[in-house]
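**Student:**
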Amino acid sequence: MPSQPHSDRARAASSRPPSRPPPRSPDGDAVELRLAIGRDGLGVELARTTRVACVDVTELSVALPGVRFPLDVSGGVSRFRHRRGALQRLAVELSARAIERWATPRLRGLVSPDAPEVWIAICADGATVAIAASEDPLTEVTTPRVLAFDLTVIVEGDAIDVVVSRARGTGLPGPATSMAISAVAALLGDVATRAGGRFVVAHGPERIGRALLPDAGARAPSAEDVRWTSIAAHDDTWILHASSGGVSPAPSEPALRAREASRLSEEADDARVAGDLARARELDLLTLERAPRHAEVCRRIAEIDLREGGRAEAALATMVEAEHAPDAGLLVGELLAEAGDVEAALASFARAGDAEPVPSLGARAFERAAELAGDHHEALELLDRAIARAPRLARLRWARMRRRLAAGRLEDAMADVEQLEAGARGAQAKYTVWRRAGDAWAAAGLHGEVGSGARGGQLGAATTMFERALRYAPEASDAMAGLGAALVAEGRAARGTALLARAVDRGRARGEEPNAAVVQLARALADSLGDLPAAIARVRSVPESADQALAARGLEGRWRARLGDLGGASLAYARMRELASTKDDDEEAFVFLLEAAALEQGEREDLFAAQRHLAIALKMRPRDARALAEYRAVGARVARGPDRDQVAKAPPSGEAERNDSRTRTEPPHSPAPFDLALAPASMPPLDATSDPPEGAEVRVDELTHRLQADPSRDDVADELAGLLRMLGRSHELLALLSARLEDATPARRAELLPATRATLESLARDATTAGRDSEAQLFRDFLAMLDAG
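Here the sequence shown is numbered in our numbering, starting from 1082 and rising by one per residue.
1) From the DSSP output, in three-state form, read off T1545 for me.
2) Can you list the beta strand (DSSP E) stretches of 3 or more residues lying completely in the segment 1294-1380, in chain order?
3) Spell out the partners DSSP gives D1137 in its beta bridges.
4) Under 8 Å: do the segment 1206-1215 and the segment 1346-1362 share three or more Cβ pairs, one atom per stretch?
5) How many angstroms separate the CA atom of A1615 from the CA atom of A1525?
6) Return the Cβ separation of R1129 and E1140 in integer angstroms, given the expectation that the two are a contact with Cβ distance under 8 Å.
7) Over what stretch of residues does the beta strand (DSSP E) that includes T1258 continue unbroken?
8) Hey, could you find the ends of the alpha helix (DSSP H) V1719 is sitting in?
9) Once DSSP output is grouped into helix, strand and coil, what is the label at Q1500?
10) According to DSSP, is V1599 helix, strand or coil?
11) Need the endpoints of the beta strand (DSSP E) that A1229 sits in, please.
12) Below 7 Å between beta carbons: does that hold for R1403 and R1374?
13) Evaluate contact between the segment 1669-1684 and the segment 1648-1655, counting only Cβ atoms and requiring at least three cross-stretch pairs below 8 Å.
14) Could you tell me which whole beta strand (DSSP E) segments of length 3 or greater appear in the segment 1638-1664?
15) What separation, rounded to the nearest whole angstrom, lies between the Cα atoms of R1381 and V1245?
16) For a test of the three-state rule: what should DSSP assign to R1115, helix, strand or coil?
17) Where does T1274 fall in DSSP's three states?
18) Using only CA atoms, which one of L1268, D1520, D1435, R1344 lies nearest to T1544?
19) Please name the residue in L1127, V1133, A1134, D1137 whose C-alpha comes closest to that of A1144.
20) Quick one: what does DSSP say R1249 is sitting in, helix, strand or coil?
21) Please state if the CB of R1619 and the CB of L1602 are separated by a distance shorter than 7 Å.
22) Considering only residues of the same chain and omitting the five flanking positions on each side of R1484, which have a CB-CB separation below 8 Å?
23) Taking the continuous beta strand (DSSP E) assigned at E1198, which residues delimit it?
24) Should E1499 and V1514 be called a contact, given that it needs their Cβ atoms to be closer than 7 Å?
25) Under 8 Å: do the segment 1246-1259 and the segment 1470-1490 share three or more Cβ pairs, one atom per stretch?
26) Among A1857, R1641, I1212, R1371, which residue has its Cα nearest to the Cα of Q1692?
27) My parser needs the alpha helix (DSSP H) runs of 4 or more residues fully inside the segment 1380-1435; what are they?
28) Going by alpha carbons, who is nearest to S1193 out of A1177, W1183, V1222, E1676?
29) Just checking my contact of L1412 with L1442 at CB under 8 Å: how many whole Å lie between their CB atoms?
30) Rounded to a whole number of angstroms, what is the C-alpha to C-alpha distance between A1798 and L1867?
31) What residue from E1686, L1647, F1689, I1697 has the CA that sits closest to E1668's CA?
32) Mind the definition here: the segment 1232-1243 touches the segment 1272-1287 only if three or more C-beta pairs lie below 8 Å; say whether that holds.
33) Since R1279 sits in a beta bridge, which residues does DSSP pair it with?
34) Between H1694 and L1674, is the Cβ-Cβ spacing less than 7 Å?
35) Who does T1209 pair with in a DSSP beta bridge?
36) For the beta strand (DSSP E) that contains E1126, what are its first and last residues?
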């Protein structure tokens, strides 16, 4: 077969008779071969471009050695199918768009349960790949999932090396590097062998010949001397050539560096893929000893530290020590944000947004910067840049719409909503846009008419948004409830309440659980119509499993207290407290807890119940001044005890006068001072069996008065604490120690903490033994807050 085809050589028609359909390649393309006759003999070649998987084979030429002229070629390729040829030339093309379509179903489950969106940008000796979870325009996405990485391709002989490097991402369930390696492994399958983050596709020309020729009626060719001779990129397509006796091109410097980095991290990458991140980090550190300050290795260590959490400073130090700044995408920004350096994190995200070649990831970098920006103008500028990078992402327009609302730019916010509606496909999608817009306007307090824009129409009315939503879904109970709540907020309580009731009835008729609408209806009944019994009946219908259960129980307690049903209010607040105990921070729940504590302390005088409410409130917000003050005040009352508290309030009784008279007639009892002025850490344990010394009760009263007169006397406080321990008055001891901790110096606090912990542990044990589990949990919660600082 000649190296260049002769211009007037004869072509045989096809390898199959015209009456039969041509054979097909593994992915469905028809394979058509033809005979090629040249000066050097007879051969077989492709009649047209054929696709194998995502590879377009544009040229394949096979020589048939041992064939001598003259010969009969009337039978076409099938006449010579028993002869094994030798592959001479091969040319393949890989289009980025074709690879994206082929890869999408094969990457299902990597970043999300559904098939992801795949984006590929091709360069001369590699590509940048992005795999993003599909974002449903009907569902609000808070943290997108995007994986991006670089591929470096090196051709040597008949093999192709594919190297994974610079993996990065956001919102991922695992480390970006291990997920990138897993993605490439899923695509290449058993075609390649893996070593760390490097994949080797051996015998590529021979594999392609074996994939095409047997299905077209010819034997698979030999390819012993065939080598890849070039790899190039044109637009969005890789073009590779191979020929018999060819010479492979020399790899570029970046390609060599990427392969060398992969070889250094081979064992660590294997550990990553296996899920052993601790082992991977240990091996990375050993690699740094052999290759100090290697940027890619430093980046992989920092990636693990960010995922583990609490290691931001160490990870940043690792990145700083790299020989040159690793191009790590959002990694540095996330580390700075975790470390608390907001300004530096914002600047890092902005730089990453400009430098990142992946549009969705660059947009996410600007979005993260906007989340950290405190100034509305700066945040809106960053969101504008994010939308410029990825204009099709609805999530970004929703974020900008909310920022514009907060900044008072109603016309611009409305423009975002209108653009979202224009991009929505179908009535359900358009309904969702306007309903979510109505929720945003209502949350911003824009219920009634606020004004009109240059384009005409009302800009600031939540009612308008919900009415437009109902245009697309007239029976939707969510939008009807939103419209009803908006009407109530703007003063049209009767119509709004009627709409809310209709929304609840329609939702239940359709088998839904319209708990949100039930709570809104109850609020309207109580606050606008003053019908507290009906409002209580409505919130009572909200089940404990609903998301709105906490608000329902809290409102029930508030309204029962207004009606004077203190027992019912206490029970409702207790149920609310149980639900609130699982929340990290909830503004409404915090308010309910303070209300419940005030009710228990003031109206019902159940100090332990008040303490329990306040403990959960402090768990939510440990630094809240009001909650801290209330908790200490209740603790002080508990320490005094109910009888002692009543005596303090009531006028002196006859018994008190007799005691006073006896005190005047008898010589004052002045016991010798006890040797108890020790640091709390040195005091005897709470369960000590030693009896208190004689006169301990009187001494406690004396020390209490002295400490009230001069709170700075630490020696008096220590002696008093020791006596309270011996007397078993643990609640009073806890109140004393808590009050001393509040204003203690660091050194003094270190002395007080062990005694306070021991007191809380003893109280928790005693309550558990007595079967008072909720009280025991209160003390354990307080102990946890103490340990948290």
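Ideal placement from N, C-alpha and C gives every residue a C-beta, glycine not left out. Bear in mind that the values here come from a model prediction, so they are computed numbers and not experimental data.
**Tutor:** Taking the definition as stated:
1) Here residue 1545 refers to the residue found at position 464 of the sequence shown. Secondary structure at T1545: helix, using DSSP grouped into helix, strand and coil.
2) 1307-1315, 1318-1325
3) Working through the sequence shown from its first residue, we reach residue 1137 at position 56. Beta-bridge pairing links D1137 to R1132, E1174.
4) no
5) Along the sequence shown, read from residue 1 onward, the residue named residue 1615 stands at position 534. Along the sequence shown, read from residue 1 onward, the residue named residue 1525 stands at position 444. Looking at the two C-alpha atoms, the distance is approximately 28 Å.
6) For the purposes of this step, residue 1129 is taken as residue 48 along the sequence shown, with counting starting at 1. For the purposes of this step, residue 1140 is taken as residue 59 along the sequence shown, with counting starting at 1. About 11 Å; that fails the 8 Å criterion.
7) Looking up residue 1258 in the sequence shown gives position 177. Taken as a continuous stretch (DSSP letters only), T1258 belongs to no beta strand (DSSP E), being part of the alpha helix (DSSP H) at 1257-1269.
8) Numbered from 1 along the sequence shown, position 638 holds the residue referred to as residue 1719. Element bounds for V1719: 1706-1721.
9) Along the sequence shown, one-based indexing puts residue 1500 at 419. If DSSP states are grouped into helix, strand and coil, Q1500 belongs with the helices.
10) Numbered from 1 along the sequence shown, position 518 holds the residue referred to as residue 1599. Correct three-state label for V1599: helix.
11) Position 148 of the sequence shown, counted from the first residue, corresponds to residue 1229. Judged by DSSP secondary structure, A1229 falls within the beta strand (DSSP E) whose first and last residues are 1227-1237.
12) As a position in the sequence shown, residue 1403 is number 322, starting the count at 1. As a position in the sequence shown, residue 1374 is number 293, starting the count at 1. Residue identity check: residue 1403 is Ala in the sequence provided, not Arg. Against a cut-off of 7 Å, the Cβ pair of R1374 and A1403 comes out as a contact.
13) Contact holds: three or more Cβ-Cβ distances are below 8 Å.
14) none
15) Here residue 1381 refers to the residue found at position 300 of the sequence shown. Here residue 1245 refers to the residue found at position 164 of the sequence shown. For R1381 and V1245, the distance between alpha carbons rounds to 12 Å.
16) As a working mapping, residue 1115 is identified with position 34 in the sequence shown. Of the three classes helix, strand and coil, the one that applies to R1115 here is strand, per DSSP.
17) For the purposes of this step, residue 1274 is identified with residue 193 of the sequence shown, where counting begins at 1. Looking at T1274 - three-state DSSP - the assignment turns out to be strand.
18) Taking the sequence shown and counting its residues from 1, one reaches residue 1544 at position 463. That would be D1520, whose Cα lies nearest to the Cα of T1544.
19) Working through the sequence shown from its first residue, we reach residue 1144 at position 63. Cα-wise, what sits closest to A1144 is L1127.
20) On the sequence shown, residue 1249 is found 168 positions in, with the first residue counted as 1. Strand.
21) Against the sequence shown, residue 1602 aligns to sequence position 521. Against the sequence shown, residue 1619 aligns to sequence position 538. Yes. Within cutoff.
22) As a first step, residue 1484 is located in the sequence shown; it is residue number 403 there, counting from the start. Only A1451, H1457, A1460, L1461, L1464 meet the Cβ criterion.
23) Locating residue 1198 in the sequence shown gives position 117, counting from the first residue. Here the beta strand (DSSP E) through E1198 covers 1198-1204.
24) Translated into the one-based positions of the sequence shown, residue 1499 becomes position 418. Translated into the one-based positions of the sequence shown, residue 1514 becomes position 433. In this structure, the beta-carbon distance from E1499 to V1514 does not fall below 7 Å.
25) no
26) The count along the sequence shown starts at 1 and reaches residue 1692 at position 611. It is A1857 whose Cα lies nearest to the Cα of Q1692.
27) 1393-1401, 1412-1420
28) Position 112 of the sequence shown, counted from the first residue, corresponds to residue 1193. Measuring from the Cα of S1193, the nearest candidate turns out to be V1222.
29) As a first step, residue 1412 is located in the sequence shown; it is residue number 331 there, counting from the start. As a first step, residue 1442 is located in the sequence shown; it is residue number 361 there, counting from the start. Wrong, their Cβ atoms sit about 11 Å apart, outside the cutoff.
30) Translated into positions along the sequence shown, residue 1798 becomes position 717. Translated into positions along the sequence shown, residue 1867 becomes position 786. Using only the alpha carbons, I get a separation of about 20 Å.
31) The residue labelled residue 1668 in the question sits at position 587 within the sequence shown. It is I1697.
32) yes
33) Within the sequence shown, numbered from 1, the residue matching residue 1279 stands at position 198. For R1279, which the question treats as bridged, DSSP gives the partners V1244, A1276.
34) In the sequence shown, residue 1694 corresponds to position 613, counting from 1. In the sequence shown, residue 1674 corresponds to position 593, counting from 1. Cβ distance < 7 Å, so H1694 and L1674 count as in contact.
35) Position 128 of the sequence shown holds residue 1209. Per the DSSP secondary-structure output, T1209 pairs in a beta bridge with A1202, D1231.
36) Here the question's residue 1126 lines up with position 45 in the sequence shown. First-last of the beta strand (DSSP E) with E1126: 1122-1127.
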